[in-house]
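S.K.: Let me begin by handing over the structure; questions about it come next.
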Amino acid sequence: MKIYKKVNTKDKINNNSEIVCIGAFDGVHLAHQQLFRKTRDLNKKFDIVTFDVLPKIYFNDSLKPIVSNKERNEIFQSFSPQNLIHLNFDQFNKISSEDFSKFLDENLGIKKIVIGKDFKFGNNRSGDVNFLIDYFGENNVYLLDDFLINNEKVSSTKLRYYLSTGEIDKANNLLGRDFSLSGNVIQGKQLGRELGFPTANLLLDEDVFLPTFGVYYGVIEVDTKKFNCIINIGLNPTVDTEDSVKIEAHILDFGDDIYQKDIKLFLKNFIRNEKKFNNIDELKNQIMKDIDSAKKYF
687 MKIYKKVNTK DKINNNSEIV CIGAFDGVHL AHQQLFRKTR DLNKKFDIVT FDVLPKIYFN
747 DSLKPIVSNK ERNEIFQSFS PQNLIHLNFD QFNKISSEDF SKFLDENLGI KKIVIGKDFK
807 FGNNRSGDVN FLIDYFGENN VYLLDDFLIN NEKVSSTKLR YYLSTGEIDK ANNLLGRDFS
867 LSGNVIQGKQ LGRELGFPTA NLLLDEDVFL PTFGVYYGVI EVDTKKFNCI INIGLNPTVD
927 TEDSVKIEAH ILDFGDDIYQ KDIKLFLKNF IRNEKKFNNI DELKNQIMKD IDSAKKYF
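Read in order, the letters of the sequence shown correspond to residues 687 to 984 in the working numbering.
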């Protein structure tokens, strides 16, 4: 897979793919994956076209992407497109829907398109499915219906909702995989070690959307090996007065030194909300309960 980054409106890409699927692909959930499969079924030589910045984040920078760009690209690659093309959203948001369509046709050489029925593009989101059908022809635009799980539409909005309410199991169902966070293990204040529960403190590779603060059943991947753990996301209000968010994992029955190693945390299920305890002993007792619960869970 060849990756084109920040493609501008004047750029031309010579390739032998004549069909693309287009979208923002926030979270790259099951509905998006269905789009990729449909495109690949039509022609194994296909491209994925997306944007360098998610449109909803471009207009609201307080939002964060559900997955990092690195993970997003890895998921794209797993479907084996010929090319992955990241359009410069700042430019493509300002051009007309006709110029957007002409770019796909003349600059990318695209003749067939696979999209979700709600796809919008161009200045003021003026372009839609009907516009593409008029431009490329009805037989060259393939529309996918809503992807449903238990009669519920799979969407990035619903995915964000489940993450924000701690319903990680439901979020994972929409993703088709476990929600994950990646980064490097850094040295924290070693408060967990002092309490008798050492933790791996994660410094994220990229700023991403975080689920609700609390404790989760999880799995940590380090050096290609996986271990069961409990994961805490939050402010550690009982022992820390800083406002910065911490992401840390206590690995069950594990004693190796993994400082400065790259890790990936997979969230399996929600245990409890973050809580400020009255004293250290209350906190230690709760952590022991969390660990016992995790051992039963796994």
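Don't be surprised by glycine CBs; every beta carbon is placed ideally from N, CA and C.
Fair warning: this is a prediction, and the values are worked out from it, not measured in the lab.
State yes or no: is the beta carbon of residue 817 nearer than 7 Å to at least one beta carbon in chain D?
M.R.: The chain inventory of the structure shown lacks chain D, comprising one protein chain alone.
S.K.: Start and end of the alpha helix (DSSP H) containing residue 745?
M.R.: Per DSSP, residue 745 belongs to the alpha helix (DSSP H) from 741-745.
S.K.: CB residue 902 to CB residue 953, shorter than 7 Å?
M.R.: In contact: residue 902 and residue 953 (Cβ atoms closer than 7 Å).
S.K.: Please identify the residue among 873, 767 and 801 whose C-alpha is closest to the C-alpha of residue 833.
M.R.: Checking every option, the nearest Cα to that of residue 833 belongs to 801.
S.K.: My understanding is that residue 889 touches residue 872, with C-beta atoms under 8 Å, so please give their C-beta distance in whole angstroms.
M.R.: Residue 889 to residue 872, Cβ: 5 Å. Contact.
S.K.: DSSP three-state label for residue 700, please.
M.R.: Coil.
S.K.: Measure the beta-carbon distance from residue 712 to residue 751 and round it to whole angstroms, keeping in mind my assumption that it falls under 8 Å.
M.R.: Yes, residue 712 and residue 751 are in contact; Cβ-Cβ is about 6 Å, under 8 Å.
S.K.: Go ahead and pull the three-state DSSP assignment for residue 762.
M.R.: If DSSP states are grouped into helix, strand and coil, residue 762 belongs with the helices.
S.K.: Is residue 822 near residue 813, with beta carbons less than 7 Å apart?
M.R.: Contact: no.
S.K.: Considering only DSSP beta bridges, list what residue 958 is partnered with.
M.R.: Residue 958 pairs with 901.
S.K.: Inspect the CB distances between the region 732-743 and the region 760-780 and report whether three or more fall short of 8 Å.
M.R.: The region 732-743, when compared against the region 760-780, does touch it at the 8 Å Cβ threshold.
S.K.: Under a Cβ-count criterion, where at least 16 other Cβ atoms within 10 Å of its own Cβ denotes burial, should residue 876 be classed as buried or exposed?
M.R.: Exposed.
S.K.: Note the first and the last residue of the continuous alpha helix (DSSP H) segment covering residue 718.
M.R.: Where residue 718 is concerned, the enclosing alpha helix (DSSP H) stretches over 716-728.
S.K.: Hey, could you find the ends of the beta strand (DSSP E) residue 868 is sitting in?
M.R.: Start and end: 865-872.
S.K.: What do you get for residue 838, buried or exposed, if any count of 16 or more other CB atoms within 10 angstroms of its CB means buried?
M.R.: Residue 838 is exposed by the Cβ-count criterion.
S.K.: Would you decide whether residue 985 is buried or exposed? Buried here means 16 or more other CB atoms lie within 10 Å of its CB.
M.R.: Look at the range of the chain in this structure, 687 to 984, and you will see that residue 985 is not part of it.
S.K.: Would you mind sorting residue 689 into buried or exposed? The rule is 16 or more other CB atoms within 10 Å of its CB.
M.R.: So residue 689 ends up on the exposed side.
S.K.: Within a Cβ cutoff of 7 Å, which residues of the same chain sit near residue 786, ignoring the five residues on either side of it in sequence?
M.R.: Around residue 786: 778, 807, 808 and 813.
S.K.: Could you round the C-beta distance between residue 881 and residue 970 to whole angstroms and report it? I think they count as a contact, below 8 Å.
M.R.: Their Cβ separation, rounded to whole angstroms, is 6 Å, which keeps residue 881 and residue 970 in contact under 8 Å.
S.K.: What is the residue span of the beta strand (DSSP E) that residue 769 lies within?
M.R.: Where residue 769 is concerned, the enclosing beta strand (DSSP E) stretches over 769-773.
S.K.: Look up residue 932 in the DSSP assignment and say whether it is helix, strand or coil.
M.R.: Residue 932: strand per DSSP, three-state reduction.
S.K.: What residues in its chain sit with their C-beta under 8 Å from that of residue 691, if we drop five residues either side in the sequence?
M.R.: Around residue 691: 738 and 772.
S.K.: What is the residue span of the alpha helix (DSSP H) that residue 843 lies within?
M.R.: 842-850 is the span of the alpha helix (DSSP H), which, as asked, contains residue 843.
S.K.: Between the C-alpha atoms of residue 938 and residue 784, what's the straight-line distance to the nearest angstrom?
M.R.: Looking at the two C-alpha atoms, the distance is approximately 57 Å.
S.K.: Just to check my reading of the structure: residue 920 and residue 931 have Cβ atoms closer than 8 Å, yes? What is that Cβ distance to the nearest angstrom?
M.R.: Yes, they are in contact, since the Cβ atoms of residue 920 and residue 931 sit about 7 Å apart, within 8 Å.
S.K.: Helix, strand or coil for residue 918? Go by DSSP, reduced to three states.
M.R.: Residue state, collapsed to three classes: strand.
S.K.: In whole angstroms, give me the CA-to-CA distance for residue 924 and residue 968.
M.R.: Near 10 Å, if we compare the C-alpha coordinates of residue 968 and residue 924.
S.K.: Please check the pair residue 860 and residue 716, which I expect to be a contact at CB under 8 Å, by giving their CB distance rounded to whole angstroms.
M.R.: Contact holds; Cβ gap of about 6 Å.
S.K.: DSSP three-state label for residue 855, please.
M.R.: DSSP places residue 855 in helix when its eight states are reduced to three.
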